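Take a look at the structure below.
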Amino acid sequence: MATTQIVLSLVKLFIMIVPGYVLANKNIIDEHQSKGVTSIITCLTWPCLIVASLQREFSVGLCINMGILAAVMVAELAVACLMSVIIGRCFKLEKNVRYLMMFMLMFGSTGFMGIPVCNALYGSEGVFYAALAESVQNVFVFTLGLIMMGRSAGRPAELSVKNFINPGFVSVVAGLSLFFARITLPNVIAVPVETIGATTSPLVMLVVGYQLGRIGLRELFSDIRIYVLSAVKLIVTPLIFLVLVRLLFPGMNVLLRSIIIETAMPVAACTTIFTRQYDGDVEFATKGVMLSTLLSVITLTGFALIVEMI
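Everything in the sequence shown is counted per our numbering, starting at 1328 for the first residue and increasing by one.
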């Protein structure tokens, strides 16, 4: 059952890529229009998705689980950062590619894919943990992540208050504030926010499909660096945390299963979005997103079955 649910969730996401691929090949949309969609995602739909996902009933147990999940997610970022340094030195990657690969290894598709997959596997409780994982990741995506993106595009690195003043980070703060304050948005606000947020996944996949149409399928499978990146992202990192979770906790529950599934997510689809926004190596970013997502059909299925058996 778990295998069918995961495959179906991923197939639904892949189907959303097709329109963007066709539109690119038929020259129906251009770069300017694609960037416009990117701006809508980063400034409107993604923030709405985050706020809507964090609309849950407050409890002490959830707060404890939040702490556990946050600690694991931060540890994962540290491990991924170390892995990226090792790969960069082994392959003698150029500076801009090293920073981009670091971003790709550190940040997974915890929201766009993580939320629907955890929903299929573990229901509403899994969705909440996936949303929390996404929130923790977003704190770093919209701060250190944007600095990495800037460096990958040749811009000087800088960390200031301005890095935190962006729609993504503000939405994380707003969503968590509402959760801890035990405030539930009235339907007249909640429904539009949820509806707008629900458009994030199809819009992101539209942009990814557009970039794939510009690259071509042959180019997608020709870069050895992407295979190495995918292997580390989809197999090595989640295996490390699977072992750690089993050593630290006596038994598996929805929280721990959700954590493993989230660490096994492919490269974040937002990598393509931000690379376009910062005028970085969009082709490399898109290949990383696409190939890791394709391979995750196998690896995610494997990890989902493993955590059910142990």
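Where is the CB? At the ideal position from N, CA and C, for every residue including glycine.
Since the structure is predicted, the reported quantities are computational estimates derived from the model, not experimental observations.
Around the beta carbon of Ile-1600, 16 or more other beta carbons lie within 10 angstroms, which makes this residue buried.
A direct Cα-to-Cα measurement between Thr-1613 and Ser-1619 gives close to 10 Å. Gly-1578 sits in coil when the DSSP states are folded into three classes, being neither helix nor strand. When C-alpha distances from Lys-1560 are compared across Ser-1386, Val-1334, Met-1431, Gly-1388, the shortest belongs to Met-1431. Non-local C-beta neighbours of Gly-1435 in its own chain, meaning closer than 6 Å and more than five positions away in sequence, comprise Met-1592, Ala-1595, ordered along the chain. Bounds of the alpha helix (DSSP H) holding Ala-1402 are 1387–1418.
Note: Gly-1607 is not bridge-paired with any residue in the DSSP secondary-structure output.
In this structure, the straight-line span from the alpha carbon of Arg-1478 to that of Tyr-1426 is close to 7 Å. Between Ile-1367 and Pro-1494, the alpha-carbon positions lie close to 11 Å from each other.
Assigned with DSSP and collapsed to three states, Gly-1435 falls in strand. In the DSSP assignment, Arg-1541 falls within the unbroken alpha helix (DSSP H) covering 1527–1542.
Listed in chain order, the non-local C-beta contacts of Ile-1637 below 7 Å within the same chain comprise Arg-1573, Met-1579, local neighbours out to five positions each way being set aside.
When the alpha-carbon of Gly-1629 is set against those of Cys-1408, His-1359, Leu-1566, Gly-1438, the nearest one is in Leu-1566.
Within the same chain, Cβ atoms closer than 7 Å to the Cβ of Val-1499 are found at Ile-1377, Ser-1462, Asn-1465, Val-1466, the five residues on either side in sequence being excluded.
Boundaries cannot be given for Asn-1354, as no alpha helix (DSSP H) includes it and DSSP labels it neither H nor E.
Annotation: Phe-1418 to Val-1555 spans about 10 Å, alpha carbon to alpha carbon. Within a 10 Å sphere around the beta-carbon of Ala-1525 sit fewer than 16 other beta-carbons, which makes this residue exposed.
Rounded to the nearest angstrom, the Cβ distance from Ser-1585 to Cys-1445 is 5 Å, consistent with a contact under 8 Å. A distance below 7 Å between beta-carbons, with the five flanking residues on each side excluded, links Asp-1606 to the following residues of its chain, in chain order: Ala-1480. Per DSSP, the beta bridge partners of Val-1594 are Gly-1435. Only residues of its own chain outside the window of five on either side were considered, and among them Val-1378 have a CB closer than 7 Å to the CB of Ala-1501, listed in chain order. For Gly-1502, the enclosing alpha helix (DSSP H) stretches over residues 1494–1507. One Cα belongs to Val-1609, the other to Leu-1471, and the distance between them is close to 19 Å. For Ile-1355, the closest C-alpha among the options Arg-1545, Gly-1540, Pro-1577 is that of Gly-1540.
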